[in-house]
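To keep things clear, I will list the structure first and then write my remarks on it.
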Amino acid sequence: MNDTAILDQALAFHGHKCWASTAGVRLGLAAMEALSASRSGAKQLHAVIETGDYHGGMCFGDGIQVTTGCTFGKGNIEKTGEGKFAVTLFDKAAGTAVRVAYRPTLQPRIKASAFMQKRAAGVPPTEIPDAEQMEVVHLVWDAPAEEIMTVGPVEARAWSEPDEVVRFAVCPRCGELVAEPYLRVAEGTAMCAACSGYPR
Ligand SMILES: [Zn+2]
Ligand SMILES: [Zn+2]
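Its first residue numbered 4, the sequence shown is counted upward by one per residue in my numbering.
Written as structure tokens, this is what we have:
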């Protein structure tokens, strides 16, 4: 798949077209290139992104997920909650990692765009005309890499994590499936946390 097809796929997954998801695509691709890694079909790669919660530009994380294959579903991505636009990508087998940070060079132009003027006025991104969405996408997509990101050195970084437990149980109270490590014991019976009444 070429890079434009990956951008299209990322924007389709994301749901609208914006600067931050596009930045995520470019930085995700750059991080993989730096590590000579390919997309993580399983959990070969792990991404640590620095975005937080309830702030503009969190869309960055969707670009990272689509390009690197580090996804919240597979559990090989996490957020540090710093409200920043950077990713550290780990190649577990190689024991290497690289941090790629977004550079704000384009922010004055992005802020002045029709898209961001409307976003600042509270218009949902999906209600902004497609051409205005694409204007900010192209600002980021067409910029030279060195203008919009800093690619750090590839460093030796060992990775370790607990083995995945691939065992499930059916809760005897609610009949729903629960991953075994999450069972709680109440009145001598193993059940899901919700049915146990314990804090989750
Ligand atoms: Zn977005
Ligand atoms: Zn239950």
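Cβ coordinates follow ideal geometry from the N, Cα and C atoms, glycine included. Source: prediction; values computed, not measured.
- Taking the CA atoms as reference points, V157 sits about 13 Å from K95.
- Counting only unbroken stretches of 3 or more residues, the beta strand (DSSP E) elements lying wholly within the segment 96-148 are 99-105, in sequence order.
- The Cβ atoms of T99 and A159 sit closer than 8 Å to each other.
- For ligand 2, no non-hydrogen atom lies closer than 7 Å to the CB of A182.
- Rounded to whole angstroms, the gap between the alpha carbons of V103 and I151 is 10 Å.
- Neighbourhood of ligand 1, defined by CB distance below 5 Å to any of its heavy atoms: C21, S24, C62, in chain order.
- Straight through space, the alpha carbons of W144 and R29 are spaced by roughly 7 Å.
- Annotation for L180: the continuous beta strand (DSSP E) segment containing it runs 180-182.
- Within its own chain, the residues whose Cβ lies closer than 6 Å to the Cβ of A193, once the five positions on either side in sequence are excluded, are L186, listed in chain order.
- Distances from the CA of G55 to each of Q136, L48, T83, A34 were compared; the closest alpha carbon is that of T83.
- If you check the C-beta of E179 against ligand 2, you find a heavy atom less than 7 Å away.
- At least one heavy atom of ligand 2 is found less than 7 Å from the C-beta of A197.
- Judged by the Cβ position, R176 qualifies as a neighbour of ligand 2 at the 7 Å threshold, a heavy atom of the ligand being closer than this.
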